[in-house]
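Going left to right, the sequence shown walks through residues 32 to 145 as this note's numbering numbers them.
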Amino acid sequence: MLPDVIIPYSVYGLFFILRVLAEYFLPLHTVGKLCSRFGISVSMLYRWRDLFLSHKQEWLGMLVSAETAPSAFIKGLCFLERYSISFACQFVLLSARSFLQSHRNPADYRQEFF
Numbered sequence: 032m033l034p035d036v037i038i039p040y041s042v043y044g045l046f047f048i049l050r051v052l053a054e055y056f057l058p059l060h061t062v063g064k065l066c067s068r069f070g071i072s073v074s075m076l077y078r079w080r081d082l083f084l085s086h087k088q089e090w091l092g093m094l095v096s097a098e099t100a101p102s103a104f105i106k107g108l109c110f111l112e113r114y115s116i117s118f119a120c121q122f123v124l125l126s127a128r129s130f131l132q133s134h135r136n137p138a139d140y141r142q143e144f145f
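This is the structure we're talking about:
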């Protein structure tokens with residue numbers, strides 16, 4: 032399994048993306064200023080936001096996800112004592128991809144491996 036900070040098929044690390052999204056959801060800056068600050072495009076930010084919200088709902092379920100603020104969920108992820116065991120592995124088992132990974136690996140062995 033890859034280290035927690037690596038998202039397969041992505042040039043950005045998990046905690047970088049979570050930092051950008053945390054600032055987006057708070058909101059500390061305008062979208063333009065946020066994108067300029069982190070050197071990303073607006074479309075990239077919105078892609079990450081949509082993927083994050085989709086994965087959040089997939090993990091928490093529709094009802095709990097609606098009641099949980101995105102910033103609270105991000106904070107919870109960042110402060111997990113054992114991220115790999117408590118969340119990352121379970122998310123892979125649930126969805127056959129890493130959290131915030133947009134490309135789903137369709138290979139059958141992934142489910143058997145874990």
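Note that beta-carbon positions come from the ideal geometry of N, C-alpha and C, so glycine has one too.
Item: Stretch-stretch touch, CB-based, cutoff 8 angstroms, three pairs: the region 59-73 with the region 85-101; Value: no
Item: Collapsed DSSP secondary structure at TYR43 in the structure displayed; Value: coil
Item: Supposed close pair ALA53, SER96 - CB separation, criterion 8 angstroms; Value: Between SER96 and ALA53 the Cβ distance is about 17 angstroms, and since that is not below 8 angstroms, they are no contact.
Item: Short Cβ contact (8 angstroms threshold) for VAL51 with TRP90; Value: no
Item: Backbone CA spacing between ARG68 and GLY92 [nearest angstrom]; Value: 33 angstroms
Item: Assigned exposure category for TYR140 - 16 Cβ within 10 Å defines buried; Value: Unreliable placement is indicated for TYR140, whose pLDDT of 43 sits below 50; no coordinate value is reported for it.
Item: Where SER85 falls: helix, strand or coil (DSSP); Value: helix
Item: Between the CA atoms of LEU76 and VAL62 - distance to the nearest angstrom; Value: 8 angstroms
Item: For LEU59 and LEU108, believed in contact at Cβ under 8 angstroms, the rounded distance; Value: The pair is not a contact, with the Cβ atoms about 19 angstroms apart (cut-off 8 angstroms).
Item: Cα-Cα separation, ILE105 to LEU57; Value: 11 angstroms
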